[in-house]
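Chemist: According to the UniProt record's numbering, numbering within the sequence shown proceeds without interruption in unit steps and concludes at 308.
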Amino acid sequence: MTGPARHAQAATPRSGAPSHAESNWPQPWCRIESDVKRLQVRIAKATREGRWGKVQALQRLLTRSYSGKMLAVKRVTENRGKKTPGVDGQIWSTPVAKSKGASALKQRGYRPQPLRRLYIPKSDGKERPLGIPTIRDRAMQALWKLALEPVAETRADPNSYGFRPERSTADAIAHGFTVLAKRSSAEWILEGDIRGCFDNISHEWLLANVPMDKTILRKWLQAGYVEQGTLFATEAGTPQGGIISPILANWTLDGLEQAALTSVASTERRRRPFKVHVIRYADDFIVTGASKSLLEHQVRPAIEAFLK
């Protein structure tokens with residue numbers, strides 16, 4: 001299957017960069033995380049109500065807040081890639097570097113640097129390209145992830161399990177067992193692997209549909225990458241390796257489940273149900289069905305049309 005072309009009053013976190021007196025590390029993380037969580041809850045509520053102007057205002061508040069910036073830096077300096085530098089060779093490993101890094105997360109005049117391209121081996125002997133942003137760009141992406149994730153989670157496909165908080169491969173497997181283990185379960189499965197998903201997502205589609213600052217998103221998408229000293233442009237896709245990329249990929253694919261279910265809704269029969277269930281983990285998915293013909297002639301065309 002080809003890749004997609006869609007391609008009580010809560011306390012408000014303080015805005016602005018940390019002052020000199022606040023530049024010590026560690027910080028009062030329980031309070032910081034609580035401040036960010038309160039804003040995320042408000043973003044999710046505004047999303048459910050369809051108040052997109054409110055969503056935008058709350059995202060702006062979060063991404064400019066002291067708490068949001070500090071939490072973003074904490075996450076990128078404590079994850080597995082914390083010692084992997086980007087093209088500038090920098091990492092933030094000291095308290096001073098982390099505090100200065102949080103102060104540097106300003107959106108006015110922000111310009112991301114190209115990604116550092118490297119390759120990691122796959123189980124089949126091939127290699128997967130990764131694009132490594134600089135530590136500052138990773139922190140900026142982590143900051144916007146805090147603001148975008150509440151929106152994405154509110155509208156995500158119910159049975160999507162990849163790259164989502166509090167979900168895992170074990171959850172996907174358990175759901176598969178639930179829908180297939182009964183004597184009356186579907187006997188046919190359509191298996192899908194969206195080839196080159198991350199590499200083929202349309203930049204135009206992302207800019208038109210992802211609810212975040214379009215200027216910053218455009219800069220990330222067009223940052224390019226450096227491989228063996230040469231700068232290459234990025235015309236499409238969102239690079240594997242970027243903190244924001246999994247959310248962008250899931251955002252693009254959310255709706256696939258409904259497309260599959262809608263394809264059979266008008267012809268569903270009570271006495272002989274079609275038993276269509278969709279389980280997706282990132283760009284891999286399965287669809288169950290009562291017959292091979294149903295999956296081949298109704299479900300698959302609907303999914304392919306959605307991906308275009």
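Backbone N, C-alpha and C define an ideal beta-carbon position, used for all residues, glycine too.
A quick note: this is a predicted structure, and the numbers were derived from the prediction, not measured.
Under 6 Å Cβ to Cβ from Ala44, same chain only, skipping five residues before and after it: list those, please.
Modeler: Excluding residues within five positions, the ones whose Cβ falls inside 6 Å are Pro150, Thr154.
Chemist: Looking at Ile91 and Lys100, is the spacing between their C-beta atoms short of 8 Å?
Modeler: No. Outside cutoff.
Chemist: Alpha carbon to alpha carbon, what distance is there between Ile247 and Leu307?
Modeler: Rounded to whole angstroms, Leu307 to Ile247 spans 17 Å at the Cα level.
Chemist: Tell me whether Ile247 counts as near the ligand NAP, meaning its Cβ is closer than 7 Å to at least one heavy atom of that ligand.
Modeler: Inclusion of the ligand NAP in the displayed structure is not the case, the ligand content being empty and no account of it being possible.
Chemist: Mind pulling the alpha helix (DSSP H) runs of 4 or more residues that sit fully within the segment 162 to 228?
Modeler: With a minimum length of 4 residues, the continuous alpha helix (DSSP H) runs that stay inside the segment 162 to 228 are 169 to 180, 197 to 200, 203 to 209, 214 to 221.
Chemist: Taking C-beta to C-beta, are Ser263 and Val299 nearer than 8 Å?
Modeler: Contact flag set, yes.
Chemist: Per DSSP, Asp284 is paired with what?
Modeler: Partner(s): Asp193, Tyr281.
Chemist: Roughly how far, in whole angstroms, is the beta-carbon of Leu190 from the beta-carbon of Ile279, given that I think they are within contact range, below 8 Å?
Modeler: Actually they are not in contact, since the Cβ atoms of Leu190 and Ile279 sit about 11 Å apart, beyond 8 Å.
Chemist: When the Cα atoms are used, what is the spatial distance from Ala139 to Leu253?
Modeler: C-alpha separation (whole angstroms): 25 Å.
Chemist: Should Gly192 and Ile303 be called a contact, given that it needs their Cβ atoms to be closer than 8 Å?
Modeler: It is a contact, given that the beta carbons lie within the stated cut-off.
Chemist: Enumerate in chain order the residues of its own chain whose CB-to-CB distance from Leu58 is below 7 Å, with the five nearest sequence positions on each side excluded.
Modeler: Here the set comprises Leu39, Arg42, Ile43, Ala46.
Chemist: Contact check, Ala147 vs Leu62 under 8 Å by CB: the rounded distance?
Modeler: Right, their Cβ atoms sit about 5 Å apart.
Chemist: For Pro211 and Gln56, what's the separation of their Cα atoms in angstroms?
Modeler: Roughly 8 Å separates the two Cα atoms.
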